[in-house]
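Taking it in order: structure first as structure tokens, then the write-up.
Residue numbers (our numbering): 1027 to 1181.
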């Protein structure tokens, strides 16, 4: 099995999709390598000034208090909610890097099944998915970023 994780947003939220792509594009190969090796240093400076947002994207971000992300509660080592109710894992660290780059905090929306995640998104109770595989059916209502993390060694 090959893990090919992507972020996904509702088709009606193209500004957020574009913002995530721009934030993701600033994550370096070294940072990705560190994610694969284990956890990352969260004390890196905010690189918001490096991103060239459109007027619409800037307005979207200024109005957004938090980006709601639908997550799997137990998909270790990629993402999980630990015993302290903290979001952990490789994909958690990745989305936290994007959050720092774009300057908007992440709000967790926990789901136990993919069906529950899809329902929450369709009800607009979450803005993005972490670790969502692209399928033709999902492409009907979701925009997918380029791959955020690939690991051909997944068992």
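For glycine and all other residues, C-beta sits at the position ideal for the given N, C-alpha and C. Bear in mind the structure is a predicted one, so any value in this text is a computation, not a measurement.
Which two residues bound the contiguous beta strand (DSSP E) that contains residue i?
{"i": "residue 1036", "result": "1034–1036"}
{"i": "residue 1168", "result": "1168–1170"}
Nearest by alpha-carbon distance to residue i: which of the options is it?
{"i": "residue 1044", "options": "1164, 1109 and 1153", "result": "1153"}
{"i": "residue 1091", "options": "1137, 1052, 1128 and 1162", "result": "1128"}
{"i": "residue 1103", "options": "1117, 1111 and 1096", "result": "1117"}
{"i": "residue 1107", "options": "1126, 1133, 1123 and 1089", "result": "1133"}
{"i": "residue 1085", "options": "1156, 1147, 1131 and 1041", "result": "1041"}
{"i": "residue 1033", "options": "1136, 1088 and 1097", "result": "1097"}
With a threshold of 16 other CB atoms inside 10 Å of the CB of residue i, please say whether the residue is buried or exposed.
{"i": "residue 1031", "result": "buried"}
{"i": "residue 1059", "result": "exposed"}
{"i": "residue 1035", "result": "buried"}
{"i": "residue 1050", "result": "buried"}
{"i": "residue 1172", "result": "exposed"}
{"i": "residue 1038", "result": "exposed"}
{"i": "residue 1159", "result": "exposed"}
{"i": "residue 1119", "result": "buried"}
Counting along the chain, where does the alpha helix (DSSP H) carrying residue i start and finish?
{"i": "residue 1050", "result": "1040–1051"}
{"i": "residue 1144", "result": "1140–1148"}
{"i": "residue 1165", "result": "1162–1165"}
Pull the bridge partners of residue i from the DSSP assignment, please.
{"i": "residue 1157", "result": "DSSP lists no partner for residue 1157."}
{"i": "residue 1173", "result": "Paired residues: none, contrary to the question."}
Q) What are the start and end residues of each continuous alpha helix (DSSP H) run of 4 or more residues lying completely inside the stretch 1081–1133, in chain order? A) You should have 1081–1089 and 1116–1128.
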